[in-house]
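In my numbering, the protein residues as written are 62 to 256.
All residues carry an ideal CB built from backbone N, CA and C; glycine is no exception.
Comments concern the structure below.
Right, here's the structure in full:
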């Protein structure tokens with residue numbers, strides 16, 4: 062019965078508690094990690110962000126070890142639709158699916174050798190335009206399809222961080238290429254690197 066309850070709980074999440082905005086930005090040397098375990102004898106999960114070098118320390122602890130997760134990194138936080146700041150932690154064995162899907166979009170593995178990383182794109186940046194087309198409301202599938210179609214063309218993107226995006230939306234300003242704050246970066250080509 063407990064397993065059934067945990068599974069049901071992981072599927073349910075009221076709209077007001079859905080994640081709306083990121084609070085903690087992922088730095089270039091950090092990864093997102095889901096830790097499952099027990100807290101006071103009860104199944105619990107926590108999403109934490111920590112530096113790559115702490116991954117080996119965490120894996121060395123092994124299953125069943127008692128750990129203080131804040132020794133390894135920061136517990137992820139997000140703003141929900143009630144404008145409350147919530148930790149990405151909970152009871153049960155799995156986080157709600159809506160939270161997992163949202164985190165997959167906003168926090169990704171960011172390898173130093175990736176073309177996006179070498180171009181200066183951060184994992185939390187919001188892509189507004191791709192090759193002159195506004196894609197801010199595209200789904201992940203639509204975005205990937207655009208790259209499949211345009212894969213042999215040069216890529217030009219307009220991106221902004223979540224705070225800037227929220228500011229422009231709250232003040233009903235349109236984000237576009239002609240803004241005075243736009244920085245034009247040197248193109249990065251898909252060539253091998255020595256790193």
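- When secondary structure is reduced to three states using DSSP, residue 105 falls in the strand class.
- If you ignore the 5 residues before and after residue 103, its C-beta comes within less than 7 Å of the C-beta of 152, all in its own chain and listed in chain order.
- As the crow flies, the alpha-carbon of residue 159 is around 15 Å from that of residue 106.
- Listed in chain order, the beta strand (DSSP E) elements of length 3 or more contained wholly in the stretch 97 to 168 are 103 to 112, 138 to 141, 146 to 148 and 150 to 152.
- A Cβ-Cβ separation of about 14 Å leaves residue 141 out of contact with residue 227 under the 8 Å criterion.
- In this model, residue 187 and residue 82 are separated by some 11 Å (Cα to Cα).
- Here residue 94 carries a strand assignment [DSSP, helix/strand/coil].
- Shortest Cα-Cα distance from residue 219 to any of 208, 119, 195 and 232 involves 195.
- About 6 Å separates the beta carbon of residue 93 from that of residue 108, a gap short enough to meet the 8 Å contact definition.
- When beta bridges are read from the DSSP output, residue 82 appears opposite 140.
- About 4 Å separates the Cβ atoms of residue 138 and residue 84, confirming a contact at the 8 Å cut-off.
- In the DSSP assignment, residue 204 falls within the unbroken alpha helix (DSSP H) covering 201 to 210.
- Burial of residue 156 is indicated by the presence of at least 16 other C-beta atoms within 10 angstroms of its C-beta.
- For residue 220, the enclosing beta strand (DSSP E) stretches over residues 218 to 221.
- For residue 190, the enclosing beta strand (DSSP E) begins and ends at 187 to 191.
- In terms of Cβ geometry, residue 201 and residue 166 form a close pair [threshold 9 Å].
- Within the same chain, no Cβ atom closer than 6 Å to the Cβ of residue 88 is found once the five residues on either side in sequence are excluded.
- Distance from the Cα of residue 96 is smallest, within the candidate group 149, 231 and 238, for 149.
- With a threshold of 16 other beta carbon atoms within 10 Å, residue 243 falls short and is exposed.
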